[in-house]
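Notes to accompany the following structure.
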């Protein structure tokens, strides 16, 4: 196997509106010492279980150790996350990335309480069902089987919650506009005040609509940059998304920790392979 491999699974048809991506990430323990492991924010909550090796996450100077064979929640982030694992030893992890408008259906606590933190799923929903799910996923040696078990649980959880259609409309309006939407326009489209939107997004998503729009806009540029880092910067493709170059550099550093010219010289295969 190569130093890094990532394989993707397709969510069940009934769960595709809720689960954005399922990926299995594995390393043979021969990563470069220069590997940065920077994960860019994308507005999505992630549930993960690592089944081999050590894992922790660093967010804004805080370290969050992750126990092995436990389902853990990485709340929505508005800054870069560093995946901290032993680069010299084999590592394996399965991740369920939820759509931005879906996390509140599974994690019924106010989402702003989970912003920029990583913690066990059982600390949020302390039920016997979670412990049973984790035990079943632990016994399942095949990551595909682990995925089936989690999706079965999620499907049942959805029956216990109700949709917030206005909030979801706001999320999709921002996504469809690639983040280039004013808050006045968002209020007009949803028929809700700016104050209502800020409160509802904090509760349901964990960040305000303006921050979410900034992340979606950044991701549009980041995806394009990953296709051809140097041509993207030299061609000024970011101009369509930002006021000017200074604005683009400021936002890029906000979400990646480095200005774009510096970032393109770094080795961040772990953080980039997830988005291909």
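Numbering (my numbering), first residue to last: -14 to 261. C-beta: ideal position from N, C-alpha, C; glycine also.
- DSSP, read as helix, strand or coil, puts residue 196 in helix.
- Residue pairing by DSSP leaves residue 148 without any beta bridge partner.
- Rounded to the nearest angstrom, the gap between the Cα atoms of residue 5 and residue 225 is 26 angstroms.
- If you draw a straight line from the Cα of residue 64 to the Cα of residue 179, it is about 23 angstroms long.
- Taken atom to atom, the span from the alpha-carbon of residue 0 to that of residue 104 is near 24 angstroms.
- A direct Cα-Cα distance of roughly 11 angstroms separates residue 86 from residue 151.
- Where residue 143 is concerned, the enclosing alpha helix (DSSP H) starts and stops at 128 to 143.
- In the same chain as residue 192, and ignoring 5 residues on each side of it, the C-beta atoms closer than 7 angstroms to its own belong to 61, 63, 100, 186, in chain order.
- Residue 194 places its beta carbon 8 angstroms or farther from that of residue 210.
- The Cβ atoms of residue 21 and residue 57 do not sit closer than 8 angstroms to each other.
- The Cβ neighbour count for residue 136, taken over all protein chains shown within 10 Å, is at least 16; the residue is labelled buried.
- At least 8 angstroms separates the beta-carbon of residue 129 from that of residue -2.
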